[in-house]
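Chemist: Residue numbers (this note's numbering): -4 to 131. Built from N, CA and C at the ideal position, the CB exists for glycine as well.
Structure below.
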């Protein structure tokens, strides 16, 4: 599968807030902004979007290309059978964890779109889940 990826560095310009600009809530700032499209044949059933937090996490990751290719697999089936996907408890809408080596991908399925919330090191998982639980 070939992925076309919009550049999250150019997609996320940080404009300084002018006095007339409306304030944005934390939820709006973390809204999905970067989209990973399926390949040329568009046989994939789901679209994948990254939040600004996930795009920043992905920029900082060392295994960026491996993570992107594994995230691209979510286009075909966001809930594959196996031990690498786990549905996390006490989240509504449901939150899922994808295990990729030393990294964990937290994502939600919203209709035909998979929204990647965070791409984090496994050591940061519990702290990040607590933050997401507080903000939900």
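(1) Under three-state DSSP, which class holds residue 110?
(2) If you run the structure through DSSP and keep just helix, strand and coil, what is residue 69?
(3) Looking only at its own chain, which residues have a Cβ that is under 8 Å from the Cβ of residue 98, when we skip the five neighbours before and after it?
(4) Which residues in the same chain have their Cβ closer than 7 Å to the Cβ of residue 49, if we skip the five residues on either side of it in sequence?
(5) Would you kindly work out how many angstroms separate the C-alpha atoms of residue 88 and residue 53, rounded to a whole number?
(6) First and last residue of the alpha helix (DSSP H) that includes residue 51?
(7) Round the Cβ separation of residue 109 and residue 73 to the nearest angstrom and send it over; I've been treating them as touching at under 8 Å.
(8) Please report the straight-line C-alpha distance between residue 129 and residue 120, rounded to a whole angstrom.
(9) Taking residue 121 as part of the alpha helix (DSSP H), name the residues at either end of that continuous run.
(10) Does the beta-carbon distance from residue 67 to residue 75 come in below 9 Å?
(11) If you follow the beta strand (DSSP E) that residue 84 is in, where does it begin and where does it stop?
Modeler: Put simply:
(1) Taking the chain shown and counting its residues from 1, one reaches residue 110 at position 115. In the structure shown, the three-state DSSP call for residue 110 is strand.
(2) Translated into positions along the chain shown, residue 69 becomes position 74. Three-state result, residue 69: helix.
(3) Counting from 1 along the chain shown, the entry for residue 98 is found at position 103. The residues are 56, 58, 62, 114, 115, 116, 117.
(4) As a position in the chain shown, residue 49 is number 54, starting the count at 1. These residues qualify, in order along the chain: 111, 112, 113, 114.
(5) Mapped onto the chain shown, residue 88 falls at position 93. Mapped onto the chain shown, residue 53 falls at position 58. Taking the straight line from one Cα to the other gives about 23 Å.
(6) As a position in the chain shown, residue 51 is number 56, starting the count at 1. Counting along the chain, the alpha helix (DSSP H) containing residue 51 begins and ends at 47 to 55.
(7) Reading the chain shown from its first residue, position 114 is the one you call residue 109. Reading the chain shown from its first residue, position 78 is the one you call residue 73. Going by Cβ atoms, the distance from residue 109 to residue 73 rounds to 5 Å, so yes, they are a contact pair.
(8) Looking up residue 129 in the chain shown gives position 134. Looking up residue 120 in the chain shown gives position 125. Distance between the alpha carbons of residue 129 and residue 120 is about 14 Å.
(9) For the purposes of this step, residue 121 is taken as residue 126 along the chain shown, with counting starting at 1. Its alpha helix (DSSP H) spans residues 120 to 130.
(10) Against the chain shown, residue 67 aligns to sequence position 72. Against the chain shown, residue 75 aligns to sequence position 80. No, the Cβ-Cβ distance between residue 67 and residue 75 is not below 9 Å.
(11) By 1-based counting over the chain shown, the position of residue 84 is 89. Taken as a continuous stretch (DSSP letters only), residue 84 belongs to no beta strand (DSSP E), as it is neither H nor E.
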